[in-house]
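To start, the structure under review is shown below, and the notes come after it.
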Amino acid sequence: MANSEFEYVRKFEEWDALAPSNWIVVRIDGRGFSKFSKRQNFAKPNDRRAIDLMNAAAIEVVKQFTDIVIAYGQSDEYSFVLHEDCQLFERRAAKLATSISTAFSVEYCMQWGKYFEGQELERPFPTFDGRCVLYPKKSILRDYLSWRQADATLP
14 MANSEFEYVR KFEEWDALAP SNWIVVRIDG RGFSKFSKRQ NFAKPNDRRA IDLMNAAAIE
74 VVKQFTDIVI AYGQSDEYSF VLHEDCQLFE RRAAKLATSI STAFSVEYCM QWGKYFEGQE
134 LERPFPTFDG RCVLYPKKSI LRDYLSWRQA DATLP
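Okay, so the sequence shown: first residue is 14 according to the numbering used here, each after it adds one.
In C-alpha cells, the structure reads:
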C-alpha cells in the first residue's frame, strides 16, 4: 500500500505466524463433497476417476510449493506436510492454508475433463477449504499420518 493517510488500516490485519520448529500440516477438505459427488454421479464406494483426479491435483500443488515434503490423500481431503524449518509466507497460517487450498481447487477444476471425459463439471464448482495444524515432533506427525490412514481404511 502506498504511503498515505489510509495506511493505518494495515494495523487491523492479523499477523498469524505459526510457531517455529514445528511441522506444518495443511489439511484441505472438499466443501459439500457428498452432494457434489452425487450430482456428478461418482461411482460408489470409490470412483477411480475421482481418486486419480485428486492425486493429479495434489501432484501439481507439490510442484508449485516446493516446501511440501509429504502429501497424503484420502476421500475428499489431502494433507500437505511442510518441513519444520519452512519459511514459506513467513509461516503465516492464513496464507499457507488459502494458497494451498486455492491451488488445489483450481487444479481439480482445470484437470476435471482429463479424468471425466465427456462429463461437464457443473456449478457450483468444487472447492476445498484448508487449515494449518502444527506438530512439534516427527513421532506426532507420524501418528497424525497413521490416523489419516486408519480413517481411510475403516469399513
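Virtual Cβ for every residue (Gly too), placed ideally from N, Cα, C.
- The alpha helix (DSSP H) runs lying completely inside the segment 22-104 and spanning 4 residues or more are 46-52, 61-77, given in chain order.
- Here G131 carries a coil assignment [DSSP, helix/strand/coil].
- Counting the other CB atoms within 10 Å of its CB gives N35 a total of 16 or more, which places it among the buried residues.
- Y157 and S17 have their C-alpha atoms some 47 Å from each other.
- In terms of CA proximity to A106, D142 leads the group R44, D142, K151, A165.
- The beta carbon of V38 lies closer than 6 Å to those of S92, V94, V146 in the same chain, with the five residues before and after it left out.
- Sixteen is the threshold: when 16 or more other Cβ atoms of the shown chains lie within 10 Å of the Cβ of P139, as they do, the residue is buried.
- When beta bridges are read from the DSSP output, C145 appears opposite V39.
- 9 Å or more divides the Cβ of E130 from the Cβ of A30.
- Only exposed fits V82, as fewer than 16 other CB atoms lie within 10 angstroms of its CB.
- Leaving aside the five residues that flank Y148 on each side, the residues in its chain whose CB is nearer than 7 Å to its CB run, in chain order, N35, W36, V38, L154, Y157.
- Pairing Q132 with S50, the inter-Cα distance amounts to about 13 Å.
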